[in-house]
Amino acid sequence: MRFYLHILAAFLTLLFFSGCQAPEEDLANEADFDKWYPQYNRYIRDWLTKQIGEIEGELKKLEEDLAAEEDEDREKKLETTRVAKTNLLARMRSRLGMGDYFQFKTEAELPPDLVWSNGLEQPEIGDPASRKGGTFRYFISSFPPTIRPFGPNSNNSFRGELYDNVEVSLVELHPETGEIMPGIAKEWAVGKEGKTVFFRLDPDAKYNDGVPVKAIDFMWWVYIRASDNVVTPWFKQYLREQLAQFTLYAEDLIAISLPEPKPKLPYFASVPPSAPHFYKEYGPDYKERYQWRVPPTTAAYTVKPEDLVKGVSITLSRVDDWWANDKKFFRFRYNADRIRYSVVRDRAKAWELFRAGEIDYFPITLPEYWYQKSEMPPVFNGYVERYTWYNQFPRIPWSLYLNSAKPPLDNHDIRLGICFATNWQKVIDVVFRGDASRLPGWTKGYGRFDNPEISARPFSISKAREHFAKAGYVKEDENGILMKQNGERLEVALTFSNVPVRAKMMGIIKEEALKAGLKFIMDGLDHTVTYKKQMQKNHQAVFSGWGFQPPYPRYYEYFHSNNAYDDKGNLKHNTNNVFSFSDERMDQLAVAFRNARTEDELEETAHEMQQIIHDSGVYVPGYMTEFVRIGCWRWVRWPDCENTEFCPPRVYVPFESYVYWIDEDMQKQTQAAKRSGQKFSEVQVVKQRYRIKSESKGEASE
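Numbering (the numbering used here), first residue to last: 24 to 725.
This is the structure we're talking about:
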């Protein structure tokens, strides 16, 4: 159900992929997997052969350069590159030796002595006291540009609610223990070479339209994304570079191989299926034909045609005979019969709907809501309950992302100056009343994989001006904005989603930056427009936050040069490298991180990459919180049992755990009490079972 996010985490493109294209023969008027997969096998084989030849040539040139090099520092860099390319060459040769990408065998050809696991030793999730029924009502700030699960604009803010948070993949990470638990696969085994996982499907597994899931459906998942019928550049890179082989043994048995061993292999080999019967019309017009069609998935929820009201609302309906209804890790989850997401573009209006009981749940972590707005009669009368919940989830990097391709941000000193000119501590003190903390760097909340030596640069007018002066901005105009000798002013457009709290934060950032001679030009836009602008790399600086996921941080899609520029040096659109960042050492490390076989390797590589990011100045760390505060009407109930207190800890926000339920009797009781004036006890609870040590607060500044 979190596959899309961990596929981002596993996203890998090799250093040499530029110019390779999948075969064009697959452009047909309807789906034809049987015709396509031999072409793809041939394409992968040819691509691997080409890569091996190119790497061998580059290694030969490197060895010649090393033999002639006299500078010690340059020699060390060349040797580092040589080692990286040697490892890559071994990886590519191993891939080629595995044979075809798609293979078909019989169960009799299974390797002997496989040791099968089922994960049933993990604790249950949710509360046995939960009930099925009712409607959970929430809001979204904008309607999604598409409901396709892949293709252009599919990586939008609503796809989690529609697919990622609810769809069941082969295996999942347990949201409390972090260990592997069964999904569609009832059991799995890792091959002796440590690169292949064998998955045996649960015979009960079905799509939510009732059609059984079959092993070949996981091959279809590749087909519809790798075909030239759809533009999914980073998905195609992932499929080619990070997954090595799919082998079908029986209708209920498939093996998926990765190029190399890695920690938590079954999780990273796990993918969701795609329903062939739904994609039978798949062809060159996929983008338009499937724009507003919801595919059947393995999730507990689907969207009926009448419940997709464009620009107004999307309602998910629970499938009555969902295949996982009685499964150990699912039976106390996905309890609401319906989940209605209404479009409310104005957050102030959404709050009034919540106050009136038209919305069931509202995030109140922001001090404006916690200390002021939620001090209201519905809370005092016990109709609305307030919770503070501590989680164990990677902190979302709410920060400034600088596009190094856009002048003046292509200047290193300008970027470093901006790092010193952004007063995040004042934002924390004023907007968050000190409840938030400064993010130290690109990641926080990954434990040993966070570099403890890195901390965010503090607000410093003198250091900011020092760097701006190095970039040539040495004069001031009448408003105190720095200029070059030719009169060019130091101005940077700052793009953000134009909601009140962000506008307030960006206003503080702008006001404080002026003290250092930097003018931020406010560019507040609708959320969808903001997203599209940064995906097209048309921004200079953008305030944003990507949805990081356990178990490991990710770097490749954000910082590898293949996701910044094409082979002609043009900016590459629709990738997550919104920094337009390109660095040879980072490229090597990003590949090494994806190919790491142990957590020790992951840690060492992650620490070095975090240092490179810090030194580059393309990322200006913002703020984080170690808890989530919510308000909900009292009929929204939460677990309170041995297995789960309120919500499992490895979840970003509580409602995404789907362990809540709607008590319809309590809903009727509360609504009647409102009409009669009856009151209940006020509820304000802190849930600390999963609390980790406190984050550091703030930093010194001028």
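Virtual Cβ for every residue (Gly too), placed ideally from N, Cα, C. Remember, it's a predicted structure, so these values are computed and weren't measured experimentally.
| Item | Value |
| --- | --- |
| How would you call Thr255, buried or exposed, if buried means at least 16 neighbouring beta carbons within 10 angstroms? | buried |
| Within this structure, are the beta carbons of Ile279 and Leu224 separated by less than 9 Å? | no |
| When you compare only the Cα positions, how much space is there between Leu50 and Thr320? | With a pLDDT of only 42 at Leu50, under 50, the local geometry of the prediction cannot be trusted, and the value read off the model is given with reservation. For Leu50 and Thr320, the distance between alpha carbons rounds to 25 Å. |
| From this set, Asp96, Ala267, Val138, Leu185, which residue's C-alpha is nearest Tyr63's C-alpha? | Ala267 |
| Within the continuous alpha helix (DSSP H) that includes Asp436, where are the two ends? | 435 to 444 |
| Write down the C-beta distance between Phe602 and Val641 rounded to the nearest angstrom, noting that I regard them as a contact closer than 8 Å. | 4 Å |
| Please classify Phe127 as buried or exposed, where buried requires at least 16 other C-beta atoms within 10 Å of its C-beta. | exposed |
| Can the beta-carbon of Val454 be found closer than 9 Å to that of Val524? | yes |
| For the alpha helix (DSSP H) containing Glu489, name the first residue and the last one. | 484 to 493 |
| How should Arg312 be labelled, buried or exposed, when 16 other C-beta atoms within 10 angstroms of its C-beta is the threshold for buried? | exposed |
| In its own chain, which residues sit with a C-beta less than 6 Å from the C-beta of Met528, not counting the 5 before and 5 after it? | Val450, Val454 |
| Got a sec? Which residues, its chain only, sit under 7 Å from Glu98 by beta carbon, not counting five neighbours each side? | Leu89, Glu92 |
| Provide the residue(s) that pair with Leu228 in DSSP beta bridges, ordered along the chain. | In the sequence as presented, Leu is not what sits at residue 228; that position holds Ala. According to DSSP, Ala228 bridges with nothing at all. |
| Can you find the residues in the same chain that come closer than 8 Å, C-beta to C-beta, to Pro46, ignoring five residues on each side of it along the sequence? | Residue placement at Pro46 is flagged as unreliable, the pLDDT there being 43, under the threshold of 50; the coordinate-derived value follows with that caveat. Answer for Pro46: Gln62, Tyr63, Arg65, Tyr66, Asp251, listed in chain order. |
| Does DSSP put Lys710 in a helix, in a strand, or in coil? | strand |
| Helix, strand or coil for Met121 per DSSP? | coil |
| Do three or more CB pairs link the stretch 460 to 468 to the stretch 643 to 655 at distances below 8 Å? | yes |
| For Glu705, I'd like the list of residues in its chain whose CB is within less than 7 Å of its CB, leaving aside the five on either flank, ordered along the chain. | Val402, Phe403, Gly405 |
| Mapping the DSSP letters down to three states, classify Pro286 as helix, strand or coil. | coil |
| For a test of the three-state rule: what should DSSP assign to Leu6, helix, strand or coil? | With the chain running from 24 to 725 in the structure shown, residue 6 is simply not present. |
| In chain order, which beta strand (DSSP E) runs of at least 3 residues are fully inside the stretch 356 to 381? | 361 to 366 |
| Smallest Cα separation from Asn188: which of Ile362, Asp232, Trp374? | Ile362 |
| Hey, out of Tyr161, Leu548, Gln690, whose CA is closest to Ile382's CA? | Tyr161 |
| Mapping the DSSP letters down to three states, classify Ser699 as helix, strand or coil. | helix |
| Which partner residues does Ile203 have in the DSSP bridge list? | Leu196 |
| With DSSP as the reference, please indicate the residues paired to Tyr246 in a beta bridge. | Paired residue(s): none; Tyr246 is not in a bridge. |
| Is Thr693 buried or exposed, if buried means 16 or more other CB atoms sit within 10 Å of its CB? | buried |
| Checking 9 Å against the spacing of the C-beta atoms, do Tyr364 and Ile163 come in under that value? | yes |
| Tell me, to the nearest whole angstrom, how far the beta carbon of Glu210 is from that of Pro146; I am working on the premise that it is less than 8 Å. | That pair is no contact at about 19 Å. |
| Express the C-alpha separation of Trp59 and Glu48 in angstroms, rounding to a whole number. | Here Glu48 scores only 41 on pLDDT, less than 50, and its place in the model should not be relied on; the value that follows carries that caveat. Near 8 Å, if we compare the C-alpha coordinates of Trp59 and Glu48. |
| Where does Tyr324 fall in DSSP's three states? | strand |
| Can you tell me whether Trp257 is buried or exposed, with buried defined as 16 or more other CB within 10 angstroms of its CB? | buried |
| Apart from the five residues on each side of it in sequence, which residues of its chain come closer than 7 Å, Cβ to Cβ, to Lys595? | Asn586, Ala587, Tyr588, Asp589 |
| Roughly how many angstroms lie between the CA atoms of Trp661 and Leu196, to the nearest whole one? | 21 Å |
| Which residues in the same chain as Leu389 place their Cβ atom closer than 6 Å to its Cβ, once the five residues preceding and following it in sequence are excluded? | Val524 |
| Residues in its own chain within less than 7 Å of Ala238 by CB, not counting five upstream and five downstream? | Leu224, Leu271, Ala273, Glu274, Asp275, Leu276, Ile277 |
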